[in-house]
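Asks: There's a structure below that I have some questions on.
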């Protein structure tokens, strides 16, 4: 080898394998130490941050006592009446109340309608009155009438029945019964 070549290699550092291994071990220890310190710092930060992650399960028991509202609708009526060719006019009265004998008022609002069931011809005229006001009957039924739970109410009704034998198509007397039905429903709250 010539001197020129030796000079060329003279500037190169001489690498020793044992030196490289020791430096790698030292770098590896430094990396482990830095990683351990970083993990320790993160754990301390999480502890002092105030944020927590948890899962909670709660069970709430609710006990309720439900009672059924007591609807009260009392119908007081008079004894039945007989209408004949001689006694051709009759008044049947009845009352509808929203309280009972102990003055307990209904616990729910109610609505009702009155139906007059009869199978009679044109000779019998039926009219329904609430006190002095005439109530229109459609197919022998009234519209719904509301009765409140807020105060005691007593509503009086009169049914006036007239018999005109001259309008009758039958030669025989009519032997029919007229019934009054009150259909009641609870008003939805």
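Residue numbers (my numbering): 34 to 222. We treat Cβ as the ideally placed atom computed from N, Cα and C, and that holds for glycine. Treat the numbers as computed from the prediction; the structure is a model and nothing was measured.
Give the secondary structure of residue 68 by DSSP, where H, G and I count as helix, E and B as strand, and everything else as coil.
Replies: Looking up residue 68 in the chain shown gives position 35. In the structure shown, residue 68 sits in a helix (DSSP, three-state: H, G or I).
Asks: By DSSP, does residue 221 sit in helix, in strand, or in coil?
Replies: The sequence position of residue 221 within the chain shown is 188, counting from 1. Coil.
Asks: Which runs of the beta strand (DSSP E) spanning at least 3 residues fall entirely within the stretch 135–213, listed in chain order?
Replies: Qualifying beta strand (DSSP E) stretches, in chain order: 143–150, 157–163, 166–168, 178–180 and 187–196.
Asks: Taking contact to mean at least 3 C-beta pairs separated by less than 8 Å, is the stretch 90–98 in contact with the stretch 65–81?
Replies: The stretch 90–98, when compared against the stretch 65–81, does not touch it at the 8 Å Cβ threshold.
Asks: Could you check what DSSP says for residue 76 in three-state terms: helix, strand or coil?
Replies: Residue numbering aside, residue 76 sits at position 43 when the chain shown is read from its first letter. Here residue 76 sits in helix by DSSP.
Asks: With a Cβ-Cβ cutoff of 9 Å, do residue 142 and residue 180 count as a contact?
Replies: Translated into the one-based positions of the chain shown, residue 142 becomes position 109. Translated into the one-based positions of the chain shown, residue 180 becomes position 147. Result yes, Cβ atoms of residue 142 and residue 180 sit closer than 9 Å.
Asks: Suppose you measure from the CA of residue 104 to the CA of residue 129; what does that come to, to the nearest Å?
Replies: Along the chain shown, read from residue 1 onward, the residue named residue 104 stands at position 71. Along the chain shown, read from residue 1 onward, the residue named residue 129 stands at position 96. For residue 104 and residue 129, the distance between alpha carbons rounds to 13 Å.
Asks: Please classify residue 96: does DSSP put it in a helix, a strand, or coil?
Replies: Numbered from 1 along the chain shown, position 63 holds the residue referred to as residue 96. Reduced to three states, the DSSP call for residue 96 is coil.
Asks: If contacts are defined as beta-carbon pairs under 8 Å, then residue 147 and residue 190 qualify, I think. What distance do you get, rounded to the angstrom?
Replies: Position 114 of the chain shown, counting from 1, holds the residue named residue 147. Position 157 of the chain shown, counting from 1, holds the residue named residue 190. That pair is a contact at about 7 Å.
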